Structure formats: C-alpha cells, structure tokens
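Residue numbers (the numbering used here): 3 to 190.
Dropping the structure here:
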C-alpha cells in the first residue's frame, strides 16, 4: 500500500495556493467548504478497505480526486461521485495531470451511491454522514466492505462495515473529524 501513496503526488491534487503545504499531514481546503483529507487519514481508510486488484470500488465524495487516485493504484475499477460541479471538474483535471485512467468521476448525490455500476466490492465515504445511507448498503456486495465517518455534529466514528446477508457488521476504527456529506444525507 505504501507504493500506492508513493506513486501519487498529493501536490497535483491541491489548489495552487496550497502547494507548499501539500505534504503536511493535515487536511487542506480545496474550496466550496470541502477539504482534501490528511494523508494519514486517507491511509487508514484505504487500508481498512482491504483492497484487491479485482475490486470494483465506489468512492462517495471525490473532492480533489486524491483518494480515488490512491485507490486506483490498488484496484482496476474506481467510480467516484461528487455533488459539487466545480469539484467534479477539479478532480477530473487532477486525475489527467496524474495520468490516472481507471477512475470515473460522476456528478451525483453520493448518498444515493451510483446504481449504474453496482454492486461494488468496496465503498468508501469521504465525508461525514449522520448514518450510512441505505442505497450504499444496497449497492455493496455481500461480503463487501464499506468505510465511512458516521455521526452527528463535528466528531464522527470511522466505521468499517462488512456486509453479511443484507446486514452490516460494524467495527469502530476511532474518532475523526470530517466535513459533512452534502445532499440528502448530509448534516442539517
């Protein structure tokens, strides 16, 4: 997994005014009230997915495209949904700069997943949700893994959930702070 992080330059995924801070282990603003997560958080979340090369992954919250780029080094198919049109364009541009061609960025409310390519082996949510959206559970394969920051307010539990017979077996991976998911399943 370290090779995936080494292969992707975070500098390509931050705004010009943040290039000097690109390698600090901290979240950085990417505009539109959104952030690129700190590298250690991305590492923990991606590691929890237990990715295999053959996995089909859905990312909810493309942001700058950084996390999708990391995931793209570990599996063949990545679909990433983003509700903010400007960030859809930003992520696409960044992925082109990074020469990533196995990630598809879609403008859509990620709380509804992306049914057109379901089911997914793994789903990762890159923004806080008050609960795991039902559509994501439906679109996750049996035996699949979902990783998401879940909880009200400004402190969430990072949940790793494995789906068995339509039920999620959840493990708490610790406390994190994320920007809220926007759209129907975002914080009020």
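C-beta atoms are modelled at their ideal positions from N, C-alpha and C, and glycine is treated no differently.
Remember, it's a predicted structure, so these values are computed and weren't measured experimentally.
| Query | Result |
| --- | --- |
| Out of 181, 124, 112, point me to the one whose CA is closest to residue 130's CA. | 181 |
| Taking residue 132 as the reference, give the member of 184, 23, 107, 60 with the closest Cα. | 184 |
| Identify every residue that forms a DSSP beta bridge with residue 70. | Answer by DSSP bridge pairing: none, since residue 70 is not bridged. |
| Span of the alpha helix (DSSP H) holding residue 52? | Premise fails: residue 52 is in no alpha helix (DSSP H) and is neither H nor E. |
| Along the alpha helix (DSSP H) that carries residue 186, what are the first and last residues, could you check? | Where residue 186 is concerned, there is no enclosing alpha helix (DSSP H), given that its DSSP letter is neither H nor E. |
| In whole angstroms, what is the alpha-carbon distance linking residue 186 and residue 106? | 22 angstroms |
| State yes or no: is the C-beta of residue 179 within less than 8 angstroms of the C-beta of residue 89? | no |
| Which partner residues does residue 124 have in the DSSP bridge list? | 59, 147 |
| Name the DSSP beta bridge partners of residue 177, please? | 159 |
| Give the secondary structure of residue 112 by DSSP, where H, G and I count as helix, E and B as strand, and everything else as coil. | helix |
| Just to confirm, are residue 236 and residue 7 a CB contact at a threshold of 8 angstroms? | Residue coverage of the chain in this structure runs from 3 to 190, which leaves residue 236 outside it and unanswerable. |
| With residue 133 as the anchor, note down where its alpha helix (DSSP H) starts and where it stops. | That residue, residue 133, is in no alpha helix (DSSP H); it is neither H nor E in DSSP. |
| What does the alpha-carbon distance come out to for the pair residue 5 and residue 124? | 20 angstroms |
| Measure the C-alpha to C-alpha separation of residue 69 and residue 12 and round it to an integer number of angstroms. | 9 angstroms |
| Looking at the structure shown, is residue 11 part of a helix, part of a strand, or coil, going by DSSP? | coil |
| What does the Cβ neighbour count give for residue 51, buried or exposed, with the cut at 16 atoms within 10 Å? | buried |
| Nearest-angstrom Cα distance between residue 24 and residue 84? | 22 angstroms |
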